[in-house]
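Undergrad:
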Amino acid sequence: MNAPRTVVTDLPTRIRRAEPSDVGALALTGAATFLESFAGILDGRDIVEHCRLQHAPSVYADWLADDAVAAWLAETVSPPAPVGYAVIAPPKLPLDDLSETDLELKRIYLLSRFHGGGVGRELMNHAIAESRARGARRLLLGVYSGNARALAFYARNGFVKVGERRFQVGGNIYDDDVLALDLRA
Numbered sequence: 006m007n008a009p010r011t012v013v014t015d016l017p018t019r020i021r022r023a024e025p026s027d028v029g030a031l032a033l034t035g036a037a038t039f040l041e042s043f044a045g046i047l048d049g050r051d052i053v054e055h056c057r058l059q060h061a062p063s064v065y066a067d068w069l070a071d072d073a074v075a076a077w078l079a080e081t082v083s084p085p086a087p088v089g090y091a092v093i094a095p096p097k098l099p100l101d102d103l104s105e106t107d108l109e110l111k112r113i114y115l116l117s118r119f120h121g122g123g124v125g126r127e128l129m130n131h132a133i134a135e136s137r138a139r140g141a142r143r144l145l146l147g148v149y150s151g152n153a154r155a156l157a158f159y160a161r162n163g164f165v166k167v168g169e170r171r172f173q174v175g176g177n178i179y180d181d182d183v184l185a186l187d188l189r190a
């Protein structure tokens, strides 16, 4: 069960396209939000190892250098500080009906104190609009099946379960749901 979270809605935020100079901010925000979301749920050593590998600055540098990938950074306005981000890319999910026209929401992360203020929805809007502009048939994602808050957020945004996958975090394997949003509707 997730603990109650404090929502901060009085800090103005902006969302902009991520740039190569944002690599450090993306990596730090990714690791911070992963730790914040899963501390006490997943093994701590697994979280640290996952963040070391999957939230390394080189991961974000590679994504930002790839024209097939799009990323947005959410930050407070004054003073500017990163609070979340979203990344879409070609999909790497275990689905039998995966198409060249599908895209994957690789990550949509937001510090919990900004949950409930509309920033997550705006990040999602950017990802959906870009996916539609690229002619995507579906926007797909994988999410830990025990993350009730994230599952509810995705359901509110029209995503439905279309499959499952096993996801490695550190030395352990966890169950993920694979969700899809039909962009043709």
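Residue numbers (my numbering): 6 to 190.
Glycine residues also receive a C-beta, built at the ideal position from the N, C-alpha and C atoms.
Return the first residue and the last residue of the alpha helix (DSSP H) that residue 29 is part of.
TA: Numbered from 1 along the sequence shown, position 24 holds the residue referred to as residue 29. Counting along the chain, the alpha helix (DSSP H) containing residue 29 begins and ends at 28 to 43.
Undergrad: Which residues in the same chain as residue 54 place their Cβ atom closer than 6 angstroms to its Cβ, once the five residues preceding and following it in sequence are excluded?
TA: Taking the sequence shown and counting its residues from 1, one reaches residue 54 at position 49. Within the same chain, residue 54 has close Cβ partners 175.
Undergrad: I'd like to confirm the pairing. Which residues does DSSP put opposite residue 152 in its beta bridges?
TA: The residue labelled residue 152 in the question sits at position 147 within the sequence shown. Paired residues: none, contrary to the question.
Undergrad: Could you give the C-beta distance for residue 181 and residue 189, rounded to a whole number, given that I count them as a contact under 8 angstroms?
TA: Working through the sequence shown from its first residue, we reach residue 181 at position 176. Working through the sequence shown from its first residue, we reach residue 189 at position 184. About 25 angstroms; that fails the 8 angstroms criterion.
Undergrad: Using a 10 Å radius around the Cβ and a threshold of 16 neighbouring Cβ atoms, would you call residue 73 buried or exposed?
TA: Against the sequence shown, residue 73 aligns to sequence position 68. Residue 73 is exposed by the Cβ-count criterion.
Undergrad: Can you tell me whether DSSP reads residue 162 as helix, strand or coil?
TA: As a first step, residue 162 is located in the sequence shown; it is residue number 157 there, counting from the start. Three-state result, residue 162: coil.
Undergrad: Who pairs with residue 87 in a beta bridge, going by DSSP?
TA: The count along the sequence shown starts at 1 and reaches residue 87 at position 82. In the DSSP output, where bridge partners are listed per residue, residue 87 has 80.
Undergrad: Quick check on residue 74: does DSSP put it in helix, strand or coil?
TA: In the sequence shown, residue 74 corresponds to position 69, counting from 1. Residue 74: coil per DSSP, three-state reduction.
Undergrad: Could you pull out every residue in the same chain whose Cβ sits closer than 7 angstroms to the Cβ of residue 142, ignoring the five residues on either side in sequence?
TA: By 1-based counting over the sequence shown, the position of residue 142 is 137. Closer than 7 angstroms at the Cβ level, and outside the excluded window around residue 142, lie 104, 106, 107, 188, 189.
Undergrad: Report buried or exposed for residue 22, applying the criterion of at least 16 other Cβ atoms within 10 angstroms of its Cβ.
TA: Position 17 of the sequence shown, counting from 1, holds the residue named residue 22. Looking at its Cβ environment, which holds fewer than 16 other Cβ atoms inside 10 Å, residue 22 is exposed.
Undergrad: What residue ranges within the stretch 93 to 143 form continuous beta strand (DSSP E) runs of no fewer than 3 residues, ordered along the chain?
TA: Counting whole runs of 3 or more residues, the stretch 93 to 143 contains the beta strand (DSSP E) stretches 108 to 115.
Undergrad: Does DSSP put residue 189 in a helix, a strand or coil?
TA: Against the sequence shown, residue 189 aligns to sequence position 184. Three-state result, residue 189: coil.
Undergrad: So, with DSSP's three-state summary, where would you put residue 49?
TA: The sequence position of residue 49 within the sequence shown is 44, counting from 1. In this structure, residue 49 counts as helix in the three-state DSSP scheme.
Undergrad: Assuming contact is defined by CB atoms lying nearer than 8 angstroms, are residue 89 and residue 119 in contact in what I supplied?
TA: Locating residue 89 in the sequence shown gives position 84, counting from the first residue. Locating residue 119 in the sequence shown gives position 114, counting from the first residue. In contact: residue 89 and residue 119 (Cβ atoms closer than 8 angstroms).
Undergrad: What's the call for residue 112, buried or exposed, on a 16-neighbour Cβ count within 10 Å?
TA: Taking the first residue of the sequence shown as 1, we reach residue 112 at position 107. Buried, since its Cβ has 16 or more Cβ neighbours within 10 Å.
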